Amino acid sequence: MGREPRGYGHRRARSGSCLVKRGLTGLPAWLVQRASAVYLLLFLIFVLASFALAPPHSRNEWLQWLAHPAMRLALAVFFAALLAHMWVGLRDVLLDYAQPVRIRPYLLAALAAALCGLGVWAVLILLRIPT
Numbered sequence: 000m001g002r003e004p005r006g007y008g009h010r011r012a013r014s015g016s017c018l019v020k021r022g023l024t025g026l027p028a029w030l031v032q033r034a035s036a037v038y039l040l041l042f043l044i045f046v047l048a049s050f051a052l053a054p055p056h057s058r059n060e061w062l063q064w065l066a067h068p069a070m071r072l073a074l075a076v077f078f079a080a081l082l083a084h085m086w087v088g089l090r091d092v093l094l095d096y097a098q099p100v101r102i103r104p105y106l107l108a109a110l111a112a113a114l115c116g117l118g119v120w121a122v123l124i125l126l127r128i129p130t
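So for the sequence shown, numbering that gives the first Met the number 0 puts the first residue at 0; every next one is plus one.
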């Protein structure tokens, strides 16, 4: 690629790179990471408080708690936030540390496929909860 100007390290991305133009980068990725972390924490606190104050004593009580529409929605948002949080974090790790650089797109594609598979699995679990 030739000699790079002084002050540019190995992390400088080419402007034509698909990794620069696609997906969340910079501030939007940072905001997604932080917002998803806040939701995950609040949901965990809610679930722990719910179980501490009114623990389900049977399988039927547990299923009733999960079958409530608000709880199903909260669980769906939880899984979406978890997957978004995982994508941003693992993508950053791959972009920073995966060597050689030419394998990064393949690793990112494998990560995206794995997370999509986990998303489908989460949806199937939510759909199997009896109403």
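Built from N, CA and C at the ideal position, the CB exists for glycine as well.
Keep in mind it's a predicted model, so treat the numbers as computed, not measured.
Ranked by Cα distance from W29, the first of L72, P55 and H84 is H84.
According to the DSSP assignment, S57 belongs to no alpha helix (DSSP H), since it is labelled neither H nor E.
Looking at P55, V100 and A79, the one whose alpha-carbon comes closest to that of L117 is A79. For P68, the enclosing alpha helix (DSSP H) covers residues P68 to Y96.
A buried status is given to V87, since no fewer than 16 other beta-carbon atoms sit within 10 Å of its beta-carbon. Of V46, L26 and P55, the smallest CA-CA separation from M70 is found for V46.
Taking L65 as the centre and dropping the five residues before and after it, the same chain places the C-beta of R71, L74 and I128 closer than 8 Å to its C-beta, in chain order. Cβ-Cβ distances below 7 Å link L82 to L114, L117 and G118 in the same chain, with the five nearest sequence neighbours on each side left out; the list follows chain order.
For L23, there is no enclosing alpha helix (DSSP H), as DSSP marks it with neither H nor E.
Shown here for S35: same chain residues with a beta carbon closer than 6 Å to its own, the five before and five after excluded, namely A80, A83 and H84 in chain order.
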